[in-house]
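S.K.: So our numbering is basically just the index in the sequence shown, starting at one, shifted up by 257. All C-beta atoms, glycine included, are put in the ideal place defined by N, C-alpha and C. As the structure is a computational prediction, the values presented were derived from the model and not from experiment. Sending over a structure as structure tokens; questions will come in a sec.
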Amino acid sequence: MDVMPKWAEVVLVPLISLVLAAILSALVILGIGEDPVAAVKLMITGALGSTYGWGYTLYYATNFIFTGLAVSIAFHARLFNIGGEGQAMLGGLGVAIACLYIPWPHWSLALIGAAVMAGLFGAFWAAIPAWLQAKRGSHIVITTIMFNFIAAALLNYVLVNMMRPKGSMDPATARFPEATNLPTLHDILAPFGIAFSKSAPANVSFLVAIAACVILWLLIWRTRLGYEIRAYGHSESAAKYAGISPFKIIMIAMIISGALAGMMAINNVMGEAERLVLNSTEGAGFIGIAVALMGRSHPLGVFISAILFGFLYQGGAELALWTSIPRELIVVIQALVILFTGALDNMVRMPLERIFLALRKSKTAKAVK
Numbered sequence: 258m259d260v261m262p263k264w265a266e267v268v269l270v271p272l273i274s275l276v277l278a279a280i281l282s283a284l285v286i287l288g289i290g291e292d293p294v295a296a297v298k299l300m301i302t303g304a305l306g307s308t309y310g311w312g313y314t315l316y317y318a319t320n321f322i323f324t325g326l327a328v329s330i331a332f333h334a335r336l337f338n339i340g341g342e343g344q345a346m347l348g349g350l351g352v353a354i355a356c357l358y359i360p361w362p363h364w365s366l367a368l369i370g371a372a373v374m375a376g377l378f379g380a381f382w383a384a385i386p387a388w389l390q391a392k393r394g395s396h397i398v399i400t401t402i403m404f405n406f407i408a409a410a411l412l413n414y415v416l417v418n419m420m421r422p423k424g425s426m427d428p429a430t431a432r433f434p435e436a437t438n439l440p441t442l443h444d445i446l447a448p449f450g451i452a453f454s455k456s457a458p459a460n461v462s463f464l465v466a467i468a469a470c471v472i473l474w475l476l477i478w479r480t481r482l483g484y485e486i487r488a489y490g491h492s493e494s495a496a497k498y499a500g501i502s503p504f505k506i507i508m509i510a511m512i513i514s515g516a517l518a519g520m521m522a523i524n525n526v527m528g529e530a531e532r533l534v535l536n537s538t539e540g541a542g543f544i545g546i547a548v549a550l551m552g553r554s555h556p557l558g559v560f561i562s563a564i565l566f567g568f569l570y571q572g573g574a575e576l577a578l579w580t581s582i583p584r585e586l587i588v589v590i591q592a593l594v595i596l597f598t599g600a601l602d603n604m605v606r607m608p609l610e611r612i613f614l615a616l617r618k619s620k621t622a623k624a625v626k
């Protein structure tokens, strides 16, 4: 029987970890001679105080939802997919091919086609390390890290030598046709009389990301395959005894993970840049690891965690713009959040478990009396 109730596991542990990270972040800001209270107010105003700020916060959050879900499904199978960055790069290549070489009549069809292509490219890039682990025993962490570098080199070659328009010096594709341009949140909300910034990059991909959260929740907790993935993640030997194939679980979990990471490209490549450029992922694949850790690999937790990291990204940009606080400080804050929600998780969890255990013993003793 679990010592802590589920709500404490999902809500209380991450919340306390966040508070500790915030306290240390405030001390760091004080250490460089800035006012932490004013810094927090500026971050909140810049990220959440206007529809423009919300637009950027949700744009970043959309990227992190996809990569966070990608890491989460792998976590459930006890696999550590650190290749989300490379899989998202290849997903961008799939989006570019779909948008540039297929004449789409409407953005809705283009979105479906681009999402499928992005998912296929990302799944393919994840399937190779998965096969190496399942068949050859290669460690998934090492292979997925290496495949990030291979993906970056491959994308660089393709952009410079194959997809770059003639006469252009920029290592990027041509702009996608207008029919593939995705509607922004301004376009979506305007018919309902809701005013939203035209300049913000948040687009319909955010709704696709929410749908992905729901679908992944159904898959993990409401299907036989999801049960098999979780069973394998809890105990490989018990899963084998129950007739669950390790090869099947490793391959399927990583293919789904790669597809989700690849689908991030419909937001940053198709929705925002409207062309494929180098380094379009901007580290979102690695942030997905922190998002999954903080969200406890649950789709709802991933969604909330992605919003938080979107807030940190946009708020950090405002800090760098309007104060002398360097943008790198946001990386420090993110690192502290990762540190407390991941590496130092037991520092928060174990005292809470002792508290709940003492409360349970106290209730039991009173009941006996």
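(1) In the DSSP assignment, the alpha helix (DSSP H) including T621 goes from what residue to what residue?
(2) Hey, G351 and L377 are a contact pair by Cβ (cut 8 Å); roughly how many whole angstroms apart?
(3) Can you tell me whether DSSP reads V260 as helix, strand or coil?
(4) I need the DSSP call for T400, collapsed to helix, strand or coil.
(5) Quick one: Cα of G325 to Cα of D427, how far?
(6) Using only alpha-carbon positions, find the residue among T598, L576, M521, K620 that is nearest to A372.
(7) Looking only at its chain, what residues have a beta carbon closer than 7 Å to the beta carbon of I273, apart from the 5 residues adjacent to it on each side?
(8) Per the contact definition of three or more C-beta pairs closer than 8 Å, is the segment 497-517 in contact with the segment 320-340?
(9) Tell me the rounded alpha-carbon separation between R532 and I544.
(10) Bridge partners for T441 per DSSP, in chain order?
(11) Using a 10 Å radius around the Cβ and a threshold of 16 neighbouring Cβ atoms, would you call I472 buried or exposed?
(12) Rounded C-beta distance between V559 and I322? I'm assuming under 8 Å.
(13) Looking at the structure shown, is A510 part of a helix, part of a strand, or coil, going by DSSP?
(14) Quick one: what does DSSP say A429 is sitting in, helix, strand or coil?
(15) Verify whether the separation of the beta carbon atoms of V526 and G349 is less than 8 Å.
M.R.: Here's the rundown:
(1) Judged by DSSP secondary structure, T621 falls within the alpha helix (DSSP H) whose first and last residues are 602-625.
(2) Right, the Cβ-Cβ distance comes to about 6 Å (below 8 Å), so this counts as a contact.
(3) The three-state reading of DSSP puts V260 in coil, since its state is none of H, G, I, E or B.
(4) Shown here, T400 sits in a helix according to DSSP, grouped into three states.
(5) Rounded to whole angstroms, the gap between the alpha carbons of G325 and D427 is 31 Å.
(6) In terms of CA proximity to A372, M521 leads the group T598, L576, M521, K620.
(7) The answer, listed in chain order, is V605.
(8) Touching, yes.
(9) Cα to Cα, R532 sits roughly 23 Å from I544.
(10) Bridge partners of T441: N460.
(11) With fewer than 16 other Cβ atoms inside 10 Å of its own Cβ, I472 counts as exposed.
(12) V559 to I322, Cβ: 6 Å. Contact.
(13) In the structure shown, A510 sits in a helix (DSSP, three-state: H, G or I).
(14) Note: A429 maps to strand in three-state DSSP.
(15) Result yes, Cβ atoms of V526 and G349 sit closer than 8 Å.
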